[in-house]
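Here the structure is laid out as structure tokens; the discussion comes afterwards.
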Amino acid sequence: MPVYREDFTVESHRSKEVLLITQEVASILRKSGMQEGICLVYTPHTTAAIAINEAADPDVLDDMILGFNRLSPSLIQYSHKEGNSPAHLLSSLIGPSEAIPIKDGKLDLGLWQGIYFCEFDGPRVRKVAVQVLG
Amino acid sequence: MPVYREDFTVESHRSKEVLLITQEVASILRKSGMQEGICLVYTPHTTAAIAINEAADPDVLDDMILGFNRLSPSLIQYSHKEGNSPAHLLSSLIGPSEAIPIKDGKLDLGLWQGIYFCEFDGPRVRKVAVQVLG
Amino acid sequence: MPVYREDFTVESHRSKEVLLITQEVASILRKSGMQEGICLVYTPHTTAAIAINEAADPDVLDDMILGFNRLSPSLIQYSHKEGNSPAHLLSSLIGPSEAIPIKDGKLDLGLWQGIYFCEFDGPRVRKVAVQVLG
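Protein chains in written order, with numbering that gives the first Met the number 0: chain A, 0 to 133; chain B, 0 to 133; chain C, 0 to 133.
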């Protein structure tokens with residue numbers, strides 16, 4: 000099975016931030032030359048995640064961050080001394096990867112879908128791995 | 000690597016609904032003829048998701064919808080004008096895809112597991128893509 | 000495409016528990032001999048999940064369980080007679096699988112990442128399937 004792998008970095012500027020990375024992933028897929036298969040987008044961090052959501056109205060992203068804060072608030076009962084337990088919880092809720100079907104050499108995303116890097120404990124420079132199986 | 004791809008549609012009748020799609024996916028896998036590999040079930044929508052859960056007692060599905068409503072309520076602070084921000088949040092919490100191992104030409108689901116299309120902003124006609132890598 | 004498959008069991012001792020399984024998965028990957036590809040870790044249960052999170056400070060795991068309980072509490076309105084609806088909901092929130100890139104014959108996890116089996120309705124003996132595509 001042909002496998003193509005390439006990584007890139009993203010830089011967040013706020014403590015919680017949702018960054019569109021569709022173009023970066025699409026560009027790596029093009030370089031891979033794969034026509035059919037699966038594209039795995041994976042982040043090796045434990046206070047971040049990869050999500051797929053609407054890429055049209057930026058208000059959706061603000062509302063997602065509002066929802067994230069509500070789902071995983073800072074709680075006085077947390078034990079972890081670094082204080083970023085809400086970020087660890089969100090990382091497992093959203094998950095470190097998304098698998099996207101490849102069709103005719105392209106990411107077969109829906110019309111409104113974009114791929115997002117979700118920062119839960121920024122600002123930081125983060126890594127994203129793209130593994131293409133075709 | 001052999002790749003087989005086929006799509007189908009599902010129709011929801013309520014604003015939130017959990018629809019069993021195991022048979023549709025199993026039927027596409029049979030047509031693919033693949034014996035081992037991974038079956039990726041992917042929905043290209045941003046207010047829907049794919050989940051795996053119990054397919055025995057329908058009460059579990061009602062309870063999941065109760066849980067979904069509790070996790071992502073309508074909040075007055077949301078900015079997105081369409082009013083479906085709770086559906087976008089749930090879409091990223093549950094995720095747009097599930098990857099299921101294939102064994103002896105069959106979906107290797109657990110005894111109680113079924114594959115579900117989760118509608119968070121219905122009623123609508125929706126698309127599900129099945130990508131089989133074998 | 001070469002596919003290697005092997006299962007193992009984990010035993011939980013509490014109602015909610017997060018168990019590190021990185022070594023079990025890495026050992027199966029080594030036996031597979033695959034150098035590049037994807038490793039799918041899948042649990043066939045509907046009241047459990049697979050997650051990736053920090054494997055350094057055990058406090059993070061306690062905090063995750065605190066977060067899980069907060070996200071999916073026992074609610075009087077649940078219909079399912081077994082009483083484990085919170086466990087079913089958490090199973091779909093975290094999800095039954097994780098896909099991890101393989102690089103140079105190894106799980107390409109981040110420095111702090113470990114693979115976890117999440118028990119939401121224990122104690123029980125549970126099954127984990129590892130499907131390697133390389």
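All C-beta atoms in this analysis are idealised placements derived from N, C-alpha and C, irrespective of residue type, glycine included. Keep in mind the model is a prediction, meaning the values are calculated, not measured.
Taking a Cβ-Cβ cut-off of 9 Å, the neighbours of C/Gly94 in chain B comprise Ala50, Ile51, Ile93, Gly94, Glu97, given in sequence order. Spatial neighbours of A/Glu10 in its own chain (CB-CB distance under 7 Å, excluding positions within 5 residues in sequence) are listed in chain order as Val124. With a minimum length of 4 residues, the unbroken runs of alpha helix (DSSP H) contained wholly in the segment 53-130 of chain B fall at 58-70, 84-93. When the beta-carbon positions are compared, A/Val40 and A/Glu81 stay at least 8 Å from each other.
8 Å or more divides the Cβ of C/Asp103 from the Cβ of C/Ser14.
Just so you know, the alpha carbons of C/Pro95 and C/Ala128 end up roughly 10 Å apart.
What B/Ser31 touches in chain A, judged by beta-carbon distance under 8 Å, is nothing: the nearest beta carbon there is about 12 Å away. A/Thr8 sits in a strand when the DSSP states are folded into three classes. Distance between A/Leu70 and A/Asp62, taken at the CA atoms: about 12 Å. Under the Cβ distance rule, C/Asp58 counts among the residues neighbouring chain A, one pair being separated by less than 8 Å. For C/Ser71, the C-beta contacts it makes with chain B under 7 Å involve Gly66, in order along the chain. Neighbourhood of C/Pro43 in chain B, by CB distance below 8 Å: Asp107, Leu108, Gly109, Leu110, Gln112, in chain order. Looking at the DSSP output, C/Glu16 bridges to C/Glu118.
A distance below 6 Å between beta-carbons, with the five flanking residues on each side excluded, links B/Gln112 to the following residues of its chain, in chain order: Ile51. For a cut-off of 8 Å, the C-beta gap from A/Ile114 to A/Ile37 is around 14 Å, too long to register as a contact.
Residue nearest to A/Leu106 within the set A/Glu35, A/Leu18, A/Val17 is A/Glu35 (criterion: CA-CA distance). One thing to note: C/Asp58 has its Cβ within 8 Å of the Cβ of A/Ser78.
In this structure, the CA atom of A/Leu110 is about 44 Å from the CA atom of C/Pro122. Contact check for C/Ile101 against C/Met33 passes: the beta carbons are separated by less than 8 Å. With fewer than 16 other CB atoms across the displayed protein chains lying within 10 angstroms of its CB, A/Leu74 is exposed. For the C-beta of B/Tyr115, not a single chain A residue is nearer than 9 Å; the gap to the nearest is close to 17 Å.
Around the beta carbon of C/Ala55, fewer than 16 other beta carbons lie within 10 angstroms, which makes this residue exposed.
Put simply, the backbone Cα of A/Val131 is about 6 Å away from that of A/Arg4. Counting only residues of its own chain and dropping the five nearest sequence neighbours on each side, C/Leu18 has a CB closer than 6 Å to the CB of Val9, Phe116. Boundaries of the beta strand (DSSP E) around B/Gly36: 36-41. DSSP lists no bridge partner for B/Val24. At a cut-off of 8 Å, the C-beta of B/Ser26 has no neighbouring C-beta in chain A. A direct Cα-Cα distance of roughly 15 Å separates C/Gly133 from C/Val24. Less than 8 Å divides the Cβ of C/Leu108 from the Cβ of C/Ile99.
Distance from the CA atom of C/Leu60 to the CA atom of A/Phe67, rounded to whole angstroms, is 19 Å.
A distance below 8 Å separates the beta carbons of B/Glu53 and C/His87. Residues of chain B whose Cβ lies closer than 9 Å to the Cβ of A/Gly36 are, in chain order, Met0, Val2, Gln130, Leu132. C/Lys126 sits close to C/Thr42, with the two beta carbons spaced by under 8 Å. Counting the other CB atoms within 10 Å of its CB gives C/His44 a total of 16 or more, which places it among the buried residues.
Residue environment for C/Pro72: exposed (fewer than 16 other C-beta atoms within 10 angstroms of its C-beta).
At a cut-off of 8 Å between beta carbons, B/Asp61 contacts chain C.
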